[in-house]
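Adding 3 to a residue's 1-based position in the sequence shown gives its number in full-length UniProt numbering.
Even glycine gets a Cβ: it sits at the ideal position worked out from N, Cα and C.
Quantities reported herein were computed from a predicted structural model and do not represent experimental measurements.
Here's the structure we're looking at; comments come further down.
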Amino acid sequence: INSKLPEVSTTIFTVMSQLAHKHNALNLSQGFPNFEASPELIDLVTRGMQNGYNQYAPMPGSLSLREIITKKTNSLYGSHYHPETDITITSGATQAIFTIISAFIHPGDEVIIFKPAYDSYEPSIKLYGGTIVPIQLTAPDFSIDWQEVASKITSKTKMIIINTPHNPSGSILSKEDMLQLEKLMKNTDIILLSDEVYEHIIFDDQKHQSAALFPGLAERAFITASFGKTFHTTGWKMGYCLAPKELMAEFRKVHQFNVFSSSHPMQYALAEYLKVPEHYLSLPGFYQQKRDFFLSMIKNSRFKFIPASGTYFQVLDYSAITDESDIAFAERLTKEHKIASIPVSVFNLNQKDDKVLRFCFAKTEDTLKRAAEILCEI
Ligand code: PMP
Ligand code: GLN
């Protein structure tokens, strides 16, 4: 086989979840909640099915869902997304990201990404012949040096991918970061892919700096979002993307042949559920409580940390415990101590090993307590 992705193996999320299962370990690796979604939301899916939403949804998504999302986005960020032309409902953010890349990247185009990066970006870029221009961010704060970014922009730069709040580090971009990026993108044709799947999971009263807040970014940006993250339904694979209509028209040219449309009864349910803003506005408090609970219980352990600013991931530095590689240590923790995490080096440039592991705290108090007890013994 003449593989198009010779260097790609099974994603770390599958590897670690399988290892956790095999060794009967607490699974704080792959990012998903171990508690149920709201019964009300689940009932709405049934209602959608009973009400006849069982055939294809419109290609860009059901209009009522597009209307309520654009209304929410415009009121949160002062943007002007139009439900008819500037939004498409997708089968998860992963599909949106893949489709954006496939619609715009020609062979030889350069795409700037920040490492550690969510692992779907790079294979998608490579499949379309794009050249990855990586910029390594460094623990513990994972901040971006915009001068370095400026030095990496060339006439071939087609796209920049940012992710805030950031998986895996839990860091966020500030208003100043976004203004710097806006300045860099001025007078260029660069497209911004702003992966904002954790937009509602942000802590300590900080404000999510969406690309939608910055007109100079929004006019060239795709913003991706995931209902899996926001409504504890990662298994539904529902998400969407926003962009100005000229960009979205190109997106839809691919989307219509990629999936055509996404699950109709779920779109019905999500449109109804989104009518209550509290359903997403309660998320910062909900997850901050979990973060604080988890961190308060491991504060006397040998792991070091800076509390995550957003996402439901906490990065823990284990350099005081062992000099094993993060991959070896994550494996040993799973097999011997029965707790699974994600070694961050797999997302880094040249697998740079900062001796940090990522733990998902989208878990019940009971699971977090048991996890903390294990971590305190190590
Ligand atoms: N981007 C980031 C940064 C993620 O962590 C994830 C994983 N949930 C996704 C995109 C994909 O989201 P979805 O599950 O909706 O495909
Ligand atoms: N986004 C999730 C994580 O970071 C996993 C997504 C996946 O399994 N592909 O853990």
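query, result
"Cβ-heavy atom distance, Lys232 to the ligand PMP, below 7 angstroms", "yes"
"Local Cβ density within 10 Å of Asp148, reported as buried at 16 or more and exposed below that", "exposed"
"Separation of Pro137 from Phe244, as counted between CA atoms", "The sequence given here places Cys at residue 244; Phe does not occur at that position. Their Cα atoms are separated by approximately 24 angstroms."
"Tyr59 burial status per 10 Å Cβ neighbour count (16 or more: buried)", "exposed"
"Distance cut-off 7 angstroms: Gly95 Cβ against heavy atoms of the ligand PMP", "yes"
"Neighbourhood of Ser264 by C-beta distance below 6 angstroms, restricted to the same chain and skipping five residues each side", "Tyr59, Ala60 and Met62"
"Best match in Arg335, Ala365 and Val318 for proximity to residue 412 [C-alpha to C-alpha]", "Here the chain covers residues 4 to 381 and nothing more, so residue 412 does not appear."
"Ile100 - containing alpha helix (DSSP H), residue span", "Gly95 to Phe107"
"Distance between Met188 and Ala323 (C-alpha atoms, nearest Å)", "41 angstroms"
"Ile163 in three-state terms, based on DSSP", "strand"
"Local conformation of Ile128 per DSSP, three classes", "helix"
"Status (buried if at least 16 other CB within 10 Å, exposed otherwise) for Lys7", "exposed"
"Whole-angstrom distance between Ser312 and Phe289, CA atom to CA atom", "14 angstroms"
"Contact check, residue 384 vs Ser266, beta carbons under 8 angstroms", "An answer regarding residue 384 cannot be provided, because it is not within the stretch 4 to 381 covered by the chain."
"For Glu275, the three-state DSSP class (helix, strand or coil)", "helix"
"Whole-number beta carbon distance between Tyr315 and Leu44, since they are thought to touch under 8 angstroms", "That pair is no contact at about 18 angstroms."
"C-beta contact flag for Gly34 and Cys379 at 8 angstroms", "no"
"Touch test, the stretch 164-173 against the stretch 187-202, Cβ-Cβ under 8 angstroms, three pairs minimum", "yes"
"Per DSSP, cross-strand counterpart(s) of Ser229", "Gly242"
"Unbroken alpha helix (DSSP H) run spanning Leu250, endpoints", "Lys248 to Asn261"
"Whole-angstrom C-beta distance between Ser32 and Ala343, which should lie under 8 angstroms", "4 angstroms"
"Any non-hydrogen atom of the ligand PMP within 7 angstroms of Val200 CB", "yes"
"Span separating the alpha-carbon of Lys159 from that of Ala153", "13 angstroms"
"Close Cβ partners of Ile156 (< 6 angstroms) along its chain, the five nearest in sequence each way excluded", "none"
"Heavy atom of the ligand GLN within 7 angstroms of Asn351 beta-carbon", "no"
"Contact under 8 angstroms by Cβ, Thr91 with His258", "yes"
"For Asn30 and Pro36, the rounded distance between their alpha carbons", "10 angstroms"
"Other residues of its chain near Asn303: CB distance less than 8 angstroms, five sequence neighbours each side excluded", "Cys379"
"Three or more C-beta pairs below 8 angstroms linking the stretch 326-335 and the stretch 343-353", "yes"
"Residue burial classification, Asp132 (beta-carbon count within 10 angstroms, cutoff 16)", "Position check: residue 132 holds Gly in this sequence, whereas Asp was assumed. Under this definition Gly132 is an exposed residue."
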